[in-house]
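In full-length UniProt numbering, the protein residues as written are 1 to 619.
Shown next as structure tokens:
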């Protein structure tokens, strides 16, 4: 079958057509690789690994598909094409070993690796005696040995780059507010001169981070000057960088850096490759970067799994372990890091939210171990904080959702946004996918039909008291962003939609809202950065490529008190057994097998990419 007859998506077809205008004689295997690379990017991969597809039929959805050559022949065709450049070259596509990239994403990955390595190599001035005193005082209540929170804080103050990973309740925010206090105490003469920024990928995550830090700083054993210098406000990464609508360019970059000495990024697992590369590009030399996240959670919706890749190869070499032991007074486990950033990574292991007998905590551990038999056995035990319906029926699920949201709908009738939002956080339905009867669209439609009937609202009416919505499109003029959740309430002036804001609740007329959906059910992806008292996780009836270990883990750990799973045993087994991995090369660039004559900070077998906005916005 020729390429012209293949069932390409609109984006892939447009990309191939643009390449044909540049090279009308381009061989079909080259164009097929370009289309596959474009499709891979849409699926979250940064690049296209050639080896798994070489010699196989591709685009087989309809008909026989197209056979691509064996690996050596395919690689030779790509290397000879003017549409494909080697690393450091200039063309729409870049061939790097056996990985094919769109040029922009190759530039992002190279620039990010170089920036991370350079920042990790920096060692700021340090008063060790003062830091040891700060750590002993700030973490005095911690009884765990080793105290990973204390070790994470010590390493973050010692170095310009820190990566702190931990599951729900492991104290990431507690750790960061204490390490910021220790950092400020290093500036004994004038702590207020240290410019600290707090950011997160979404407005909800930024608000939660700021709220947690405001609550934690009040009880810190520090003087008033240090407490006053701790930040209380956070913003989204897009706002921090100065995103310009649909343009890939941002206001802040190497030529116009952020005015920050320290930047803390929460929910870093949600940050994609492009955004992380731009963030590092915008940080001035010498500024510290502290990334907080959970390596086991779902990766970003866009391409890349940066945080998970950074956590690969973690470990403390003997010199780092000795320095940390000197600062903390604790024995520090030594393990040869597999990455040149390995000593920057600290894993928080002790969960303060889930007690030792917590069913949710144990379920999370068994999911991450990849043992479906152990997961099913635990669910059959009937723990108080775990529920499982192994034979779900759609009508019964809607009955359950009605009961789950009954308290919220009663609270919504008061018209008070604080009461309504508090009740809405008590229960949430999560799904693996958007479409289908067990997806967001099907559950929201079915539930709203019932709610309107119960409330006496005509089915044709879109708005009614208690409707929950999620914004799907950024509206910079209104200050509403993709993922923001609003509640429709009755007021003296008619129906209004309220959103949580940094300074209270923001009110909008329903007609003013950007594109949005009902939000009684939301995807697990959209729930990241949020927590609810109870969670109902509905899995699809049919096998789905979306079911993965990370999705299952992320969904159940959104619950504080109880999680209820509606899904067939086969779907649960598939989710636990499937470890979704994204094709990328960042971990390889950070690996330790660097040629001996490579310049400092270089990625394996290639020079570091030049930083700057022009470099990051190719094609």
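Every residue gets a Cβ at the ideal spot worked out from N, C-alpha and C, and that includes glycine.
From the options, residue whose alpha carbon lies closest to that of residue i
| i | options | result |
| --- | --- | --- |
| residue 265 | 224, 57, 207, 563 | 207 |
| residue 561 | 386, 382, 530 | 386 |
| residue 83 | 540, 396, 29 | 29 |
| residue 267 | 294, 257, 288 | 294 |
| residue 121 | 105, 156, 347 | 156 |
| residue 490 | 484, 465, 469, 504 | 465 |
| residue 391 | 542, 261, 508, 326 | 542 |
| residue 299 | 238, 553, 249 | 553 |
| residue 232 | 581, 117, 177, 578 | 177 |
| residue 515 | 549, 556, 471, 133 | 471 |
| residue 40 | 99, 395, 358 | 99 |
| residue 57 | 367, 68, 18 | 68 |
| residue 170 | 110, 137, 142, 189 | 142 |
| residue 116 | 322, 307, 396 | 307 |
| residue 500 | 457, 421, 544, 531 | 421 |
| residue 496 | 168, 79, 467 | 467 |
| residue 338 | 221, 259, 311, 50 | 311 |
With 16 other Cβ atoms within 10 Å as the buried cut-off, status of residue i
| i | result |
| --- | --- |
| residue 449 | exposed |
| residue 331 | exposed |
| residue 90 | exposed |
| residue 12 | buried |
| residue 484 | buried |
| residue 45 | buried |
| residue 417 | buried |
| residue 345 | buried |
| residue 128 | exposed |
| residue 539 | buried |
| residue 444 | buried |
| residue 404 | buried |
| residue 462 | exposed |
| residue 262 | buried |
| residue 460 | exposed |
| residue 557 | buried |
Beta bridge counterpart(s) of residue i as assigned by DSSP
| i | result |
| --- | --- |
| residue 105 | Residue 105 pairs with nothing; no bridge assigned. |
| residue 99 | 49, 96 |
| residue 505 | 500 |
| residue 522 | 430 |
| residue 566 | 389, 538 |
| residue 517 | 470 |
| residue 290 | 162, 264 |
| residue 475 | 480 |
| residue 85 | 94 |
| residue 196 | 262 |
| residue 493 | Paired residues: none, contrary to the question. |
| residue 57 | 67 |
| residue 256 | 253 |
| residue 243 | 250 |
| residue 15 | Its beta-bridge partners do not exist; DSSP assigns none. |
| residue 485 | 470 |
| residue 532 | 559 |
7 Å Cβ shell around residue i - same chain, five flanking residues per side excluded
| i | result |
| --- | --- |
| residue 474 | 481, 482 |
| residue 342 | 313, 314, 315 |
| residue 618 | Annotation note: pLDDT 41 at residue 618 (below 50); position unreliable, no value reported. |
| residue 113 | 586, 589, 590, 603 |
| residue 173 | 209, 212, 213, 216 |
| residue 235 | 199, 206 |
| residue 325 | 331, 332 |
| residue 279 | 237, 241 |
Other residues of its chain near residue i: CB distance less than 8 Å, five sequence neighbours each side excluded
| i | result |
| --- | --- |
| residue 512 | 478 |
| residue 160 | 119, 120, 122, 123, 124, 286, 287, 288, 289 |
| residue 302 | 44, 272, 273, 274, 275 |
| residue 139 | 147, 149, 150, 153, 178 |
| residue 20 | 26, 31 |
| residue 458 | 452 |
| residue 550 | 296, 297, 298, 299, 579, 580 |
Close beta carbons around residue i, own chain, < 6 Å, minus the five adjacent residues each side
| i | result |
| --- | --- |
| residue 85 | 91, 94 |
| residue 54 | 70, 71, 74 |
| residue 555 | 430, 524, 537 |
| residue 408 | 423, 424 |
| residue 134 | 182, 185 |
| residue 81 | 30 |
| residue 492 | none |
Chain C within 8 Å of residue i, Cβ atoms only
| i | result |
| --- | --- |
| residue 109 | Chain labels in this structure do not include chain C; a single protein chain is all it has. |
Jot down the residue ranges of each uninterrupted alpha helix (DSSP H) in the segment 295-363, minimum 4 residues, whole runs only, in chain order. Counting only runs of 4+ residues, the alpha helix (DSSP H) found wholly inside the segment 295-363 occupies 306-310, 318-328, in chain order.
Report the residue ranges of all alpha helix (DSSP H) runs contained in full by the segment 386-467; include only those spanning at least 4 residues, in chain order. If we require 4 residues or more, the alpha helix (DSSP H) runs fully inside the segment 386-467 come out as 394-404, 406-412, 417-424, 440-455.
Give, in chain order, every unbroken run of the alpha helix (DSSP H) that is at least 4 residues long and sits entirely within the segment 143-175. Listed in chain order, the complete alpha helix (DSSP H) runs (minimum 4 residues) inside the segment 143-175 are 148-158.
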